[in-house]
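The structure under discussion appears below in the form of structure tokens.
Numbering (mature numbering (1 follows the signal peptide of the UniProt record, and there is no 0)), first residue to last: -34 to -1, 1 to 103.
Structural data, given as structure tokens:
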């Protein structure tokens, strides 16, 4: 007769220990899933509601849909990324706006000036030339 449980405990104790271990694993997974789920009703959603204008930046492989975008200064703008082809991100240099698949829109108010929009996700051979201008006036 071969034993399939440790010699330091009886068969009944071993089965009970396995059930407790399985319950603890299930409880830990439930806690982890609960922590990851649900909506975040924080500042990002409040910022989104405060936008008075929208700017949608569409990205395809190695280019944005426009070479130049214009928005008014001192106005809350909701910047939104739409990936039409490939995986891309948007960073408005010195503007504090960074968008990617995880965060596709952000509200920001920028001072007057010219900003560089660049792809923030390495997307292939044309990645370094994937740029546009944002003129805030």
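All C-beta atoms in this analysis are idealised placements derived from N, C-alpha and C, irrespective of residue type, glycine included. This one's a predicted model, so the numbers in the text were calculated from it and none came from an experiment.
Taking C-beta atoms as the reference points, residue 46 and residue 71 count as a pair closer than 8 Å. Within the region -30 to -6, complete alpha helix (DSSP H) segments of at least 4 residues are not found at all.
When the alpha-carbon of residue 28 is set against those of 96, 49, 102, the nearest one is in 96. Burial state of residue -25 is exposed, judged by a 10 Å Cβ sphere holding fewer than 16 other Cβ atoms. The C-beta separation of residue 50 from residue 33 comes to about 16 Å, leaving the pair out of contact by the 8 Å criterion. Straight across, the Cα-Cα distance linking residue 75 with residue 37 is about 10 Å.
When 100, 21, 23, 93 are compared, the shortest CA-CA separation from residue 60 is found for 100. Shown here, residue 95 sits in a helix according to DSSP, grouped into three states. Just so you know, the alpha carbons of residue -12 and residue -19 end up roughly 11 Å apart. Around the Cβ of residue -6, a 10 Å sphere holds fewer than 16 other Cβ atoms; the residue is exposed. Following the DSSP letters along the chain, one finds residue 64 inside the beta strand (DSSP E) bounded by residues 63 to 65.
Between the alpha carbons of residue 63 and residue 57 lies a distance of about 6 Å. Taking C-beta separations shorter than 8 Å and ignoring five residues to either side along the sequence, the partners of residue 44 in its chain run 14, 17, 19, 20, 21, 71, 72, 73, following chain order.
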